[in-house]
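Have a look at the structure below before the remarks.
There are 4 protein chains.
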Amino acid sequence: MAGSTTGNRFQVTTWGETHGKAVGAVVDGCPAGLELCEEQVQAFLDRRKPGQSRYTTKRKEDDRVEILSGVFEGRTTGTPISLIVYNTDQRSADYSGVKDIFRPGHADYTFEAKYGIRDYRGGGRSSGRETVGRVAAGAVASRLLQECGIRIVTYTKAIGPVQADESRMDYDEISRNPFFMPDAGAAEHAASYMEELMRKQDSAGGVIECRIQGFPAGYGEPVFHKLDAKLAQAVMSIGAVKGVEIGDGFLAASRTGSENNDSFSAQDGRICKRTNHAGGILGGISDGSEILLRAAVKPTPSIGREQQTVNRDGEETLLRMTGRHDPVIVPRAVVVVEAMAAITLADALLEGAVPTMDKLKRIL
Amino acid sequence: MAGSTTGNRFQVTTWGETHGKAVGAVVDGCPAGLELCEEQVQAFLDRRKPGQSRYTTKRKEDDRVEILSGVFEGRTTGTPISLIVYNTDQRSADYSGVKDIFRPGHADYTFEAKYGIRDYRGGGRSSGRETVGRVAAGAVASRLLQECGIRIVTYTKAIGPVQADESRMDYDEISRNPFFMPDAGAAEHAASYMEELMRKQDSAGGVIECRIQGFPAGYGEPVFHKLDAKLAQAVMSIGAVKGVEIGDGFLAASRTGSENNDSFSAQDGRICKRTNHAGGILGGISDGSEILLRAAVKPTPSIGREQQTVNRDGEETLLRMTGRHDPVIVPRAVVVVEAMAAITLADALLEGAVPTMDKLKRIL
Amino acid sequence: MAGSTTGNRFQVTTWGETHGKAVGAVVDGCPAGLELCEEQVQAFLDRRKPGQSRYTTKRKEDDRVEILSGVFEGRTTGTPISLIVYNTDQRSADYSGVKDIFRPGHADYTFEAKYGIRDYRGGGRSSGRETVGRVAAGAVASRLLQECGIRIVTYTKAIGPVQADESRMDYDEISRNPFFMPDAGAAEHAASYMEELMRKQDSAGGVIECRIQGFPAGYGEPVFHKLDAKLAQAVMSIGAVKGVEIGDGFLAASRTGSENNDSFSAQDGRICKRTNHAGGILGGISDGSEILLRAAVKPTPSIGREQQTVNRDGEETLLRMTGRHDPVIVPRAVVVVEAMAAITLADALLEGAVPTMDKLKRIL
Amino acid sequence: MAGSTTGNRFQVTTWGETHGKAVGAVVDGCPAGLELCEEQVQAFLDRRKPGQSRYTTKRKEDDRVEILSGVFEGRTTGTPISLIVYNTDQRSADYSGVKDIFRPGHADYTFEAKYGIRDYRGGGRSSGRETVGRVAAGAVASRLLQECGIRIVTYTKAIGPVQADESRMDYDEISRNPFFMPDAGAAEHAASYMEELMRKQDSAGGVIECRIQGFPAGYGEPVFHKLDAKLAQAVMSIGAVKGVEIGDGFLAASRTGSENNDSFSAQDGRICKRTNHAGGILGGISDGSEILLRAAVKPTPSIGREQQTVNRDGEETLLRMTGRHDPVIVPRAVVVVEAMAAITLADALLEGAVPTMDKLKRIL
């Protein structure tokens with residue numbers, strides 16, 4: 002499977018460069034009969050739109066998605082769903098200065114090392130704009146999950162060192178602040194922190210948390226394709242992500258077995274767990290409790306400060322970037338993490354649909 | 002692709018239950034002409050063997066690997082390499098008590114939820130013994146990497162809260178202590194910590210770190226199959242792993258762009274980086290510097306203490322486990338992490354071998 | 002892998018319905034540095050264009066292809082190449098009569114059986130128009146092969162019972178007659194045969210032959226992914242194809258070993274074969290001689306004659322089709338067979354690029 | 002996916018050389034709860050056993066299969082099923098004469114061209130013995146199909162030019178003659194034909210036909226993974242197969258649309274077809290009628306007659322083979338074709354299990 006395709010039954014292929022004609026995605030394998038319209042996909046794309054606050058790039062990306070295939074009379078037909086967003090605001094001139102220079106923290110050098118050629122305008126395929134296709138496809142996956150009674154909540158857990166407080170968590174707050182934090186106080190601190198950084202022409206990273214509720218027990222493939230392994234791949238495949246945790250993550254490593262084990266209990270004849278350190282996955286298979294994952298997002302590598310680097314001829318040089326960059330990418334990446342989780346879970350639902358002869362016979 | 006197969010060009014399929022007749026792996030796609038013998042694979046398996054210290058299970062697993070195919074006159078032939086290890090020390094009686102009980106922290110419940118049936122003897126396929134196949138296959142991958150001048154160093158970074166000190170790191174220490182820590186002092190603290198836990202019939206987790214040296218720049222597939230994404234999947238697919246980091250990982254999330262960016266420099270006409278916060282991967286493609294990853298391993302869920310749980314009928318019950326368990330799995334998991342990294346990198350080398358028309362023509 | 006994606010390293014995904022907004026393909030994994038422009042792709046599409054003779058549909062499909070991504074300054078960049086063709090001539094009204102009727106020989110009934118819903122306008126995704134994406138992607142594959150010195154010749158071997166004569170074969174004739182036959186006399190007979198059939202409101206099938214010259218020895222993966230097996234899948238996946246042969250095909254079944262074996266000889270130190278009954282493939286791996294395959298194309302199922310059938314309610318009914326249909330699809334399918342062969346061979350070249358440690362090391 | 006693995010949900014990996022220690026297969030993805038025992042697999046293997054008549058090799062292959070994993074208390078558990086057959090009768094000496102010689106019609110030369118090395122003893126991985134793994138895996142697939150009410154009948158349609166007569170077809174005859182032909186008279190002619198050939202130290206090929214009854218409508222993935230395309234790949238991947246037909250196959254190419262279209266009818270409220278020229282598949286999706294496929298098997302390339310060939314140094318030489326070879330491989334290949342059909346159909350059933358939201362919700 003080539004690099005821009007993921008998923009086995011719910012399969013997503015994305016394409017497009019930041020300064021090409023368009024970006025898009027093809028979703029193949031979505032079951033027939035799902036209600037789907039452009040507005041639903043657009044709502045997802047709007048969540049990653051820049052220019053919504055002073056903490057994201059002022060670049061205008063008035064992304065309008067079109068569904069070109071796979072939907073007939075308002076429902077999916079089971080055939081590939083082609084989603085396209087034409088690129089509108091491309092100021093190629095902004096990037097001419099970096100044509101022959103490898104920007105620190107970016108993939109300019111590695112794309113050149115691999116392909117010998119690269120679309121240097123704004124990072125080409127390694128630009129954050131590549132995530133438009135992910136988000137459009139994630140919107141379709143989210144529709145599928147929604148129909149199955151599954152709900153995803155994603156938010157910013159931390160902006161740089163400023164953490165949302167577990168005890169003050171309020172999901173209603175998420176849409177009320179520019180950082181999509183579930184804690185109003187933390188969002189205010191994050192704003193002060195960002196103002197300071199922006200004065201210094203510097204940038205911030207952060208942590209994104211994603212919670213999936215209502216996902217049934219018994220999904221995920223053992224061994225190499227464990228549900229947590231697929232989620233880790235999906236989330237780590239987002240450009241700026243440097244770490245992934247399931248449940249308690251690294252904290253679990255410092256705990257003892259008696260602290261970390263989630264004991265089972267029975268409620269109204271249904272088996273559940275008293276705690277959820279495991280984050281909803283045991284042995285790579287969902288256990289019916291909330292699935293919880295976290296992604297560490299590195300600070301935006303594009304900063305106004307002067308940086309040391311080299312050019313294509315291997316000569317050292319200084320670089321001062323002047324384009325319109327996000328001082329923090331985390332708020333716009335929230336929906337990208339959610340999209341990748343949704344795509345992974347939709348695929349897991351379809352892949353794991355008939356694990357037994359009983360289920361196979363029931364459906365024939 | 003089914004759950005027990007991973008890789009695209011260097012493809013590994015594992016099979017076998019802890020109390021079945023045997024466990025094994027099939028490696029398909031290994032290039033022809035690689036020198037390979039059973040002793041090389043055995044050396045890897047010996048590193049995961051239990052009973053080497055008082056901190057691992059006393060269960061005897063005298064695993065002897067046999068190569069059944071794919072090697073002729075001491076070299077691989079390009080055809081599937083079948084590796085088998087017969088199970089010898091299976092005391093099924095030990096597990097009869099848990100036949101109908103879901104052990105906390107184990108996959109008993111989720112396997113039952115998925116498959117409706119499970120080999121309850123020692124966890125069946127969800128047992129740590131499943132990693133025998135991974136390690137055997139990883140030995141083949143390591144041979145391939147070695148031939149290409151690539152070296153992997155893997156060790157225990159932390160046992161519970163006891164961390165190896167970056168400033169005292171000495172790779173020679175790794176094989177001198179039962180925890181495979183590169184810091185003798187930390188290993189002593191870890192021993193005390195474990196003694197205390199074992200008295201309390203409790204268990205510990207830890208952190209494993211893996212460093213890959215000499216891996217060339219320009220490998221890894223952009224977007225969904227980024228090199229870091231594939232490493233994250235590979236490592237998270239190990240049963241007890243709950244978190245994965247590349248380079249600075251979660252620490253990067255709290256840093257600023259100017260702190261986190263690795264500036265490029267030129268040394269003897271070769272482009273390199275002054276620092277390596279990125280852990281050797283930019284935009285999902287290797288950048289030629291050391292690849293660095295970390296895995297958080299949860300504490301062994303099997304503990305001697307009494308635990309609350311439920312049985313298959315959904316009735317609450319108390320469980321006291323009496324089998325021979327590892328009070329800490331981390332030392333034995335070190336080689337498993339290394340194996341998964343090796344498999345992933347071998348596949349990346351083959352997948353990314355001809356990214357350009359120039360390379361394709363050069364090889365025709 | 003979902004149904005509309007094929008290939009492993011040279012991976013093609015197609016999408017689009019005959020009466021949707023557009024049809025297209027995404028090619029991922031094409032090596033960087035290949036010269037590619039829209040005119041080259043257009044030239045392929047023009048070969049499948051209808052309305053070029055009285056023996057194909059009068060429907061106007063003025064397909065203009067656009068490259069939306071993956072090409073920069075006239076060369077491929079290694080990133081996905083998105084190809085789009087907007088649908089222009091859609092007379093939905095033509096098809097309203099068959100909305101609730103299952104046309105014999107078409108996939109109306111099976112799509113309904115599978116998906117419960119279908120885009121009934123012109124067959125939707127099961128229309129021959131689905132091949133636009135194949136041909137566009139095949140044009141890219143052909144460019145790659147051409148750069149590697151590989152040439153493909155494809156032509157009509159038979160129209161209904163009218164066969165091209167092996168002894169009169171002249172490739173220059175192919176483009177001179179509306180059937181793309183390499184035998185002018187046979188083409189004339191085919192024209193008479195078609196006139197007669199068209200008077201009877203009936204349709205014809207035929208046989209397409211494809212020859213690949215210059216393909217190097219040593220490509221193709223043994224066992225399940227043999228080169229002939231992949232070619233068979235590729236060609237049989239074209240809607241109307243009902244049989245595939247490699248080399249002598251079914252004729253070989255009636256021959257003896259001494260007749261059918263191709264003996265090896267040495268010419269100027271190069272190993273070659275005295276005959277080519279095998280069609281260039283031995284044990285699933287190319288042997289360096291011409292690769293030869295044949296596809297049996299069934300007669301167009303859309304005919305003017307009255308036919309018995311049933312509607313969605315399971316009631317028997319009579320159907321008389323009035324749309325604009327191809328009395329014979331074979332001439333337009335020639336380039337589709339060539340495209341599928343090219344896609345398969347491009348993938349085989351990339352998949353099989355480094356079968357040995359020697360080749361791997363040479364390229365590092 | 003590497004060469005020795007096939008299938009997506011019902012995934013089969015085979016391994017092993019004819020003169021290695023063992024051959025085997027791993028079946029991953031088989032649903033849990035299927036009754037399976039070694040005798041059932043053995044029964045399949047016995048059908049490909051040589052030495053059952055004077056028309057197959059006198060080599061003794063007393064293949065005994067062992068199930069090493071994936072079955073617990075007589076039922077599959079959903080985990081990989083490892084099947085192994087140890088090689089017993091290996092007379093390496095027989096083959097020393099061909100160590101440096103490329104046998105005509107065999108894959109010696111192409112394996113050498115690809116891998117630079119080959120296990121020359123009996124063809125290594127390109128030997129017909131590779132099919133042991135296919136047949137063992139096919140036995141598991143057949144059990145699955147059987148449970149779903151699907152039945153496969155496979156037989157020899159022709160030995161060389163001697164064809165079974167459609168009008169005298171009697172399935173009960175299949176097991177009564179050494180050729181597995183459903184026509185006693187044709188079997189007698191085949192015997193005479195073979196005697197003559199054997200006197201001349203020559204060999205024969207033939208045609209195998211496979212009929213699948215009870216396979217439900219609505220399975221198979223459109224476009225590249227059509228059910229007929231997957232069957233074509235599966236059957237063409239058998240070493241000696243040079244052609245594949247679905248339904249009327251090549252005959253359809255010479256017919257007219259009005260002759261070839263199968264008209265639909267309604268019987269007891271169920272939609273069916275009056276004829277079955279299509280062979281049970283329309284648009285790549287099963288239509289509920291009998292699936293019919295045919296494979297052309299080339300004559301055994303190993304013959305006693307002297308043949309011209311070359312050695313590894315590219316020198317021309319004469320070869321007279323003395324080993325124990327099958328004068329006709331067709332009877333032993335019947336169960337191989339059946340196995341490949343069964344594997345393909347089992348995979349199609351699982352892949353296509355939830356094509357609609359309705360089915361997905363029904364099973365959650």
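Residue numbers (my numbering), protein chains in the order written: chain A, 2 to 365; chain B, 2 to 365; chain C, 2 to 365; chain D, 2 to 365.
Just so it is clear, CB atoms sit at the ideal spot from N, CA and C, and this is done for glycine as well.
Quiz item: Would you call the CB atoms of D:Ile282 and C:Thr111 closer than 9 Å?
Solution: yes
Quiz prompt | When C:Arg10, C:His20, C:Ile175 and C:Leu69 are compared against B:Leu351, the one with the closest alpha-carbon | solution = C:Arg10
Exercise. Using a cut-off of 9 Å between C-beta atoms, extract the partners of B:Cys38 located in chain C.
Key: Result: empty, since nearest Cβ-Cβ is about 15 Å, beyond 9 Å.
Quiz item: Are the CB atoms of A:Pro81 and C:Ala3 nearer to each other than 9 Å?
Solution: yes
Exercise. Please state whether DSSP places B:Tyr121 in a helix, a strand or coil.
Key: coil
Quiz item: How about C:Ala23: is its C-beta nearer than 9 Å to some C-beta of chain A?
Solution: yes
Self-check item: Rounded Cβ spacing between D:Trp16 and D:Gly134 (contact assumed at less than 8 Å)
Solution: 7 Å
Quiz prompt | Whole-angstrom distance between B:Arg321 and C:Val13, CA atom to CA atom | solution = 55 Å
Quiz item: Nearest-angstrom Cα distance between B:Gly98 and C:Tyr220?
Solution: 55 Å
Quiz item: Taking only beta-carbon atoms, is A:His190 less than 9 Å away from chain B?
Solution: no
Quiz item: Where in the stretch 25-94 of chain C do unbroken runs of the alpha helix (DSSP H), each at least 4 residues long, occur, reported from the N-terminal end onward?
Solution: 39-49
Exercise. Would you list, in chain order, the members of the stretch 344-365 of chain C that have their beta-carbon closer than 9 Å to a beta-carbon of chain B?
Key: Leu350, Leu351, Glu352, Ala354, Val355, Pro356, Thr357, Met358, Asp359, Lys360, Leu361, Lys362, Arg363, Ile364 and Leu365
Exercise. Please look up how many angstroms separate the CB atoms of D:Ser264 and D:Cys273, rounded, as I've assumed it's under 8 Å.
Key: With a Cβ gap of about 10 Å, D:Ser264 and D:Cys273 do not count as contacting.
Quiz item: Any idea if B:Thr323 is buried or exposed, counting beta-carbon neighbours within 10 angstroms, 16 or more meaning buried?
Solution: exposed
Quiz item: Whose Cβ in chain D lies nearer than 9 Å to the Cβ of A:Gly79?
Solution: Pro223, Pro356 and Thr357
Self-check item: Own chain, CB closer than 6 Å to D:Gln308, minus 5 neighbours either side, in chain order
Solution: Pro105 and Leu320
Exercise. Scan the stretch 293-320 of chain B for residues whose Cβ lies nearer than 7 Å to a Cβ of chain A and list them as they occur along the chain.
Key: Ala297, Val298, Lys299, Pro300, Thr301, Pro302, Ile304, Arg306, Gln308, Gln309, Thr310, Val311, Gly315, Glu316 and Glu317
Self-check item: Partners in chain D for A:Glu131, counting only beta-carbon separations shorter than 8 Å
Solution: Going along chain D, no residue has its Cβ under 8 Å from A:Glu131, so there is no contact; the nearest lies around 25 Å.
Quiz item: Is C:Gln268 helix, strand or coil when you go by DSSP?
Solution: strand
Practice problem: Consider the Cβ of B:His226: report whether some Cβ of chain A lies at a distance smaller than 9 Å. | Solution: yes
Self-check item: Top-ranked residue by Cα proximity to D:Ile160, from D:Leu365, D:Val335, D:Ile68 and D:Lys22
Solution: D:Val335
Quiz item: Checking contacts by CB at 9 Å: is B:Pro162 closer than that to chain A?
Solution: yes
Quiz prompt | Assigned exposure category for D:Ala354 - 16 Cβ within 10 Å defines buried | solution = buried
Quiz item: By the 10 Å Cβ neighbour count, where 16 or more other Cβ atoms means buried, how is D:Leu293 classified, buried or exposed?
Solution: buried
Quiz item: Whose C-beta lies closer than 7 Å to the C-beta of D:Cys38 among residues of the same chain, with five residues either side of it excluded?
Solution: Gly75
Exercise. Could you check the C-alpha separation between D:Gly370 and D:Glu222 for me, to the nearest Å?
Key: Residue numbering for chain D in the displayed model covers 2 to 365; residue 370 of chain D lies beyond these limits and cannot be assessed.
Practice problem: Using the DSSP secondary-structure output, state which residues sit across from B:Cys211 in a beta bridge. | Solution: B:Thr155 and B:Leu294
Quiz item: On the three-pair Cβ rule with 8 Å, is the stretch 58-70 of chain D touching the stretch 29-45 of chain B?
Solution: no
Practice problem: Identify the contact partners of A:Gly34 in chain D, using a Cβ-Cβ distance below 7 Å as the criterion. | Solution: Thr357, Met358 and Asp359
Quiz item: Going by other Cβ atoms of all chains shown within 10 Å of its Cβ, with 16 needed for buried, is D:Asp229 buried or exposed?
Solution: buried
Quiz item: Would C:Pro217 pass as a contact of B:Leu365 if the rule is Cβ separation under 9 Å?
Solution: yes
Exercise. Would you mind stating whether B:Ala253 and A:Lys299 have Cβ atoms separated by less than 9 Å?
Key: yes
Practice problem: Determine the extent of the alpha helix (DSSP H) in which D:Leu252 is found, giving its start and end residues. | Solution: Phe251 to Ala254
Self-check item: Burial state of B:Glu316, where buried means 16 or more other Cβ atoms lie within 10 Å
Solution: exposed
Quiz item: The alpha helix (DSSP H) spanning A:Leu346 covers which residue range?
Solution: Val331 to Glu352
Self-check item: Beta-carbon separation (whole angstroms), C:Tyr102 vs C:Thr318, contact threshold 8 Å
Solution: Before going on, a small fix: residue 102 of chain C reads as Ile here, not Tyr. The Cβ separation is near 6 Å, so the contact holds.
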